[in-house]
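In what follows, a structure is listed as structure tokens, so that the remarks can point back to it.
2 protein chains.
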Amino acid sequence: MRIGELATKAGVSVRALRYYEEQRLLWAERSASGQRHYPDPAVERVQLIQMLYSAGLSSSTIASLLPCVDAKESTPESRAILAAERERIDAQITTLIRTRDRLDDVIASTTSPSNGCVVTHA
Amino acid sequence: MRIGELATKAGVSVRALRYYEEQRLLWAERSASGQRHYPDPAVERVQLIQMLYSAGLSSSTIASLLPCVDAKESTPESRAILAAERERIDAQITTLIRTRDRLDDVIASTTSPSNGCVVTHA
DNA sequence: CTCACCTCTGACGTCAACGTCAGGTCCCAG
DNA sequence: CTGGGACCTGACGTTGACGTCAGAGGTGAG
Numbered sequence: 001m002r003i004g005e006l007a008t009k010a011g012v013s014v015r016a017l018r019y020y021e022e023q024r025l026l027w028a029e030r031s032a033s034g035q036r037h038y039p040d041p042a043v044e045r046v047q048l049i050q051m052l053y054s055a056g057l058s059s060s061t062i063a064s065l066l067p068c069v070d071a072k073e074s075t076p077e078s079r080a081i082l083a084a085e086r087e088r089i090d091a092q093i094t095t096l097i098r099t100r101d102r103l104d105d106v107i108a109s110t111t112s113p114s115n116g117c118v119v120t121h122a
Numbered sequence: 123m124r125i126g127e128l129a130t131k132a133g134v135s136v137r138a139l140r141y142y143e144e145q146r147l148l149w150a151e152r153s154a155s156g157q158r159h160y161p162d163p164a165v166e167r168v169q170l171i172q173m174l175y176s177a178g179l180s181s182s183t184i185a186s187l188l189p190c191v192d193a194k195e196s197t198p199e200s201r202a203i204l205a206a207e208r209e210r211i212d213a214q215i216t217t218l219i220r221t222r223d224r225l226d227d228v229i230a231s232t233t234s235p236s237n238g239c240v241v242t243h244a
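Protein sequences appear in the order of chains A and B. Counting from 1, one number per residue, gives the positions in the first sequence under my numbering. Counting from 123, one number per residue, gives the positions in the second sequence under my numbering.
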């Protein structure tokens with residue numbers, strides 16, 4: 001498929017796909033005229049990339065982890081990065097849960113202006 | 123306390139505190155010479171601000187929520203924002219858990235180069 | 001063949017939360 | 001009273017993941 005179709009299917013922009021290629025996260029066959037052509041599995045790959053980006057990983061970190069996904073092979077360095085990122089995400093989950101609970105406290109303790117209070121839920 | 127002490131106690135930079143003030147998230151008394159002086163509870167306030175920033179809230183969103191924390195009073199708009207951000211964080215936790223699990227899969231399926239495989243855990 | 005739409009390669013723009021530097025003022029221990 | 005640190009206000013720099021625009025060429029249904 002061409003870049004526009006991949007962008008639609010994966011839910012990202014065409015620009016983003018070119019950026020991923022620039023960051024060596026994604027490659028494409030080129031037609032004689034230079035147009036990119038992707039295989040079907042590229043959709044899942046892009047979604048994985050997006051997933052990792054949204055978890056706060058940088059391009060270079062993702063680039064160093066994708067070989068583990070592609071070849072199911074790891075070096076000591078890539079294993080260290082994998083473990084470290086996993087822990088980072090775990091810690092992030094923990095603080096997010098705390099933040100959510102804090103917001104819940106605020107929601108619970110908050111009342112409308114000039115409201116009598118103690119309205120347990122609505 | 124002065125700005126340097128607050129920065130140390132709250133674990134942020136002096137520049138960040140001035141930025142928070144610029145964003146109307148924080149205020150300070152001023153001495154005759156113009157130096158900022160903060161009360162003790164400012165430490166917790168800054169930590170709350172940091173917590174919200176790290177959960178992905180923007181300055182303006184935080185600014186619109188802090189009155190709920192300060193006055194325990196909410197308008198329909200602020201209640202809507204509170205609820206929306208809570209849901210956003212909740213969704214973010216969900217996808218982070220999925221990402222973490224995905225990384226765990228990669229870690230589990232990954233082997234050292236030229237390793238025999240099937241080592242269930244170590 | 002044609003025309004609307006897609007794609008190409010640069011290359012500059014954006015945005016938020018600060019970092020950093022300059023030039024000047026303030027505070028206080030010695 | 002003095003020196004070195006802390007503080008002040010601008011104001012420009014940074015970073016990453018794209019957005020956007022320009023100018024040129026490719027693609028395919030009718």
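All C-beta atoms, glycine included, are put in the ideal place defined by N, C-alpha and C.
Straight-line measurement puts the Cα of residue 108(A) at about 18 Å from the Cα of residue 96(A). If you look at residue 194(B), you'll find it isn't in any alpha helix (DSSP H); DSSP assigns it neither H nor E. For chain B, the residues of the segment 52-67 of chain A that bring a beta carbon within less than 8 Å of one of its beta carbons are 52, 54, 55, 65, in chain order. Here DSSP, grouped into helix, strand and coil, assigns residue 158(B) to strand.
In this structure, residue 233(B) places its C-beta atom within 8 Å of the C-beta atom of residue 72(A). In the DSSP annotation of this structure, residue 133(B) is not part of any alpha helix (DSSP H), being labelled neither H nor E. Per DSSP, reduced to three states, the secondary structure at residue 216(B) is helical. Apart from sequence neighbours up to five positions away, the residues of its chain that approach residue 185(B) with a beta-carbon distance below 8 Å are 145, 146, 147, ordered along the chain. In this structure, residue 141(B) sits away from residue 171(B), with a CB-CB distance that is not shorter than 8 Å. Between residue 215(B) and residue 93(A), the C-beta spacing is below 8 Å.
Burial state of residue 166(B) is exposed, judged by a 10 Å Cβ sphere holding fewer than 16 other Cβ atoms. Per the DSSP secondary-structure output, residue 151(B) pairs in a beta bridge with 159(B). Linking residue 79(A) to residue 89(A) through their CA atoms gives a straight-line distance of about 15 Å. Under a criterion of Cβ atoms nearer than 7 Å, the residues of chain B adjacent to residue 92(A) are, in order, 218.
Rounded to whole angstroms, the gap between the alpha carbons of residue 5(A) and residue 125(B) is 53 Å.
Under the 8 Å criterion on CB atoms, residue 127(B) is classed as non-interfacial with respect to chain A.
The beta-carbon of residue 204(B) is placed less than 8 Å from the nearest beta-carbon of chain A.
When CB distances to chain B are screened at a threshold of 9 Å, not a single residue of the segment 24-38 of chain A falls below it. Using beta-carbon distances, residue 43(A) does not count as an interface residue toward chain B, since no partner is under 8 Å.
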